[in-house]
Amino acid sequence: MASLRGKKKTPKTGKKRQRARRVRIGTPDPRLTPSAGIEALREADRVLGLKDSLEAGIGAVKQRNRGLSGGELLLSMASAQLAGEDFFVGLDRRRRDVAGQELEPVPTPPSTTAYGIAKRFGPHQLAGIEAGVASINTTMLGLLSLPRRSSLLKVATIDGDATDIEVYGRSKEKAAHAYTGALTLRSHIGFWAEAGIPLAAELMGGTEDPRANAVDILDRSIARLPEGVQQIRCRWDAGYFAGNLAKACLERNVEFAIGAKRTGKVMAAAAGLGRYTWIPTIGMENTEIAVIDYLPGNWPKDENITCIARRTRVAAGKIPTARARKRRTISKHQLALALEGRIDEVDSYSFILTNMDLSTEEKLAEVEFWYRHRTDIEELNKNAKHGTAMRHLPSSSFSANSVWMWAGLLGCAISAWIQEITGSDHGNGRGRRTVKTIRRELFAIPGRITRGAGITYLRLPPGENLLTRVLPKLQELPSPH
Numbered sequence: 001m002a003s004l005r006g007k008k009k010t011p012k013t014g015k016k017r018q019r020a021r022r023v024r025i026g027t028p029d030p031r032l033t034p035s036a037g038i039e040a041l042r043e044a045d046r047v048l049g050l051k052d053s054l055e056a057g058i059g060a061v062k063q064r065n066r067g068l069s070g071g072e073l074l075l076s077m078a079s080a081q082l083a084g085e086d087f088f089v090g091l092d093r094r095r096r097d098v099a100g101q102e103l104e105p106v107p108t109p110p111s112t113t114a115y116g117i118a119k120r121f122g123p124h125q126l127a128g129i130e131a132g133v134a135s136i137n138t139t140m141l142g143l144l145s146l147p148r149r150s151s152l153l154k155v156a157t158i159d160g161d162a163t164d165i166e167v168y169g170r171s172k173e174k175a176a177h178a179y180t181g182a183l184t185l186r187s188h189i190g191f192w193a194e195a196g197i198p199l200a201a202e203l204m205g206g207t208e209d210p211r212a213n214a215v216d217i218l219d220r221s222i223a224r225l226p227e228g229v230q231q232i233r234c235r236w237d238a239g240y241f242a243g244n245l246a247k248a249c250l251e252r253n254v255e256f257a258i259g260a261k262r263t264g265k266v267m268a269a270a271a272g273l274g275r276y277t278w279i280p281t282i283g284m285e286n287t288e289i290a291v292i293d294y295l296p297g298n299w300p301k302d303e304n305i306t307c308i309a310r311r312t313r314v315a316a317g318k319i320p321t322a323r324a325r326k327r328r329t330i331s332k333h334q335l336a337l338a339l340e341g342r343i344d345e346v347d348s349y350s351f352i353l354t355n356m357d358l359s360t361e362e363k364l365a366e367v368e369f370w371y372r373h374r375t376d377i378e379e380l381n382k383n384a385k386h387g388t389a390m391r392h393l394p395s396s397s398f399s400a401n402s403v404w405m406w407a408g409l410l411g412c413a414i415s416a417w418i419q420e421i422t423g424s425d426h427g428n429g430r431g432r433r434t435v436k437t438i439r440r441e442l443f444a445i446p447g448r449i450t451r452g453a454g455i456t457y458l459r460l461p462p463g464e465n466l467l468t469r470v471l472p473k474l475q476e477l478p479s480p481h
């Protein structure tokens, strides 16, 4: 309670007397919540069937049918992460929000209960999460406009990538020291780029090679795409430079683009004046691309696999430092000449191996431009770490950490689903807000809950926010049959 007094005149001098500003803390109001926007998540659950789809995929995780199911647990953890919580104990803070609990799609369990259930998840339950996400994707497509649905089904791009997650404590199962010295675990993700949805994911040990299960991630991602997809493409960086992945893509009739490592052979193949026709790239200055004569020895022959070389001119004064990774993209001979001051600029190279159509210069430029958007999955990794809470894994249990990882990815998927079905991503996915922005503008909106005539009102602070636009659109959508 704040008590603000005005100014009064003193009887003798007639001057205004300044009174101190007095502020008092009043009785807590149980109708207030810091996360009134969670009501949008409750509506998304009604429209998309989040809980039911996850439960159907995950199945039973306990012998007795009491308390939260596996699907309800995952949804409650994703909700807590979207509200800004980043540890299991954050579930207890969410439970103390009495008004907010009325808006949750499922009751928030105590942190100890959530941890106990999460440890019970095995390979079958974790695979069931992917099945649940696939079911929700199908429901989501049915709510989109015909042009947007046709666009998503025409071509589906799967991006594969792994990201290290730094952890603390020697008791973390499968944690290992990475080349940086940090103790890490590693998440390996298959991502539907156009829709912004993670399709498959697996938590790995800190030093496990993601190439070992790249084909498995690809197969699981393909299986989780909705029916009716006409063409599947995939993009992988140079960390997946392996012939068996290319063979797997060819066997599955998947168009691919895989980054190639800068070996001496490929650098030599790109060298030489007048050997190739170089053309400008789309949207990059001082950069050209060309098709060069290079194919690794263990890669499939006679399968129309070609190599794209991209070179960017770099001024000698802007050459990266000796420890920078980008310095390795420069030819050793050019680098030596530039450091001696004998040339003014050098070429920075990168390479892509692909089986896509490069028959014209326009198609070549389009394929290189499309591959450059492999950063979509890097955006997912950033969202999962800084938007939800995949920046750390709070448990010593590998199973519990796997569930925590999936809760973060599910939070990213929920953000994309809500923006997709409400049209708040410009209807093409390219206007999609980050999860951090969605939390600030949609979920973490304070409000007071009041009731009247059988209606629940959310009294929000003045000013614009995304909740006032998104919630009415969600309420207009029908429930799934």
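Mapping the sequence shown onto UniProt numbering, position 20 (from 1) lands on 20, and the numbers just tick up by one. Just so you know, even glycine gets a beta-carbon here, dropped at the ideal spot from N, CA and C.
Glutamate 420 sits buried, since 16 or more C-beta atoms from the chains shown fall within 10 Å of its C-beta.
Glutamine 231 has Val155 as its beta-bridge partners, per DSSP. Remark: C-beta atoms of valine 254 and isoleucine 222 approach each other more closely than 9 Å. The C-alpha of arginine 94 lies about 7 Å from the C-alpha of alanine 80.
Pairing isoleucine 258 with leucine 225, the inter-Cα distance amounts to about 21 Å. Within the model, the alpha-carbon separation for proline 107 versus isoleucine 38 is close to 12 Å. Secondary structure of alanine 134 (DSSP, three-state): helix.
If you ignore the 5 residues before and after glycine 431, its C-beta comes within less than 7 Å of the C-beta of Asp425, all in its own chain and listed in chain order. Look at lysine 318 here: in three-state DSSP terms it is helix. For the set Leu82, Leu203, Ala127, the Cα lying nearest the Cα of alanine 60 is the one of Ala127. As DSSP reads the structure, threonine 108 sits in no beta bridge.
Taking a C-beta distance under 9 Å as the contact criterion, isoleucine 189 and alanine 162 qualify as a contact pair. The C-alpha of arginine 148 lies about 7 Å from the C-alpha of asparagine 428. Between proline 280 and isoleucine 289, the alpha-carbon positions lie close to 6 Å from each other. For the options Val229, Val167, Thr468, the alpha carbon positioned closest to that of glycine 206 is the one of Val167.
Contact annotation: alanine 246 and proline 300 have beta-carbon atoms nearer than 9 Å.
Under the 10 Å beta carbon count, tyrosine 457 is surrounded by fewer than 16 other beta carbons and is classified as exposed. Alanine 365 sits away from arginine 311, with the two beta carbons spaced by 9 Å or more. Just measuring C-alpha positions, the residue of Glu130, Lys172, Ala176, Thr375 sitting nearest isoleucine 217 is Glu130.
Valine 346: member of the beta strand (DSSP E) spanning 345 to 354, first to last residue. The count of Cβ pairs closer than 8 Å, one atom from the region 350 to 369 and one from the region 172 to 191, stays below three, leaving the stretches out of contact. Residues of the same chain with a CB within less than 7 Å of the CB of serine 111, apart from the 5 flanking positions on each side, are Phe88, Val89, Leu91, Asp92 in chain order. Residues of the same chain with a CB within less than 6 Å of the CB of alanine 389, apart from the 5 flanking positions on each side, are Gln81, Asp86, Gly408 in chain order.
Counting along the chain, no beta strand (DSSP E) covers glutamate 173, and no H or E run does either.
Per DSSP, reduced to three states, the secondary structure at tryptophan 192 is strand. Its Cα nearest to that of leucine 358, the residue Ile308 stands out among Val470, Tyr276, Ala44, Ile308. Under the three-state reduction of DSSP, lysine 261 is assigned to coil, being neither helix nor strand. The beta-carbon separation of leucine 144 and methionine 405, rounded to 28 Å, does not stay under the 8 Å limit for a contact. Per the coordinates, the alpha-carbon of alanine 193 lies some 19 Å from the alpha-carbon of arginine 252. The region 434 to 445 makes contact with the region 30 to 50; the number of CB pairs closer than 8 Å reaches 3 or more. The continuous alpha helix (DSSP H) containing arginine 42 extends over residues 38 to 48. Of the candidates Gly243, Leu295, Asp237, Thr277, Leu295 places its Cα closest to the Cα of glycine 264.
Straight through space, the alpha carbons of leucine 335 and alanine 322 are spaced by roughly 11 Å.
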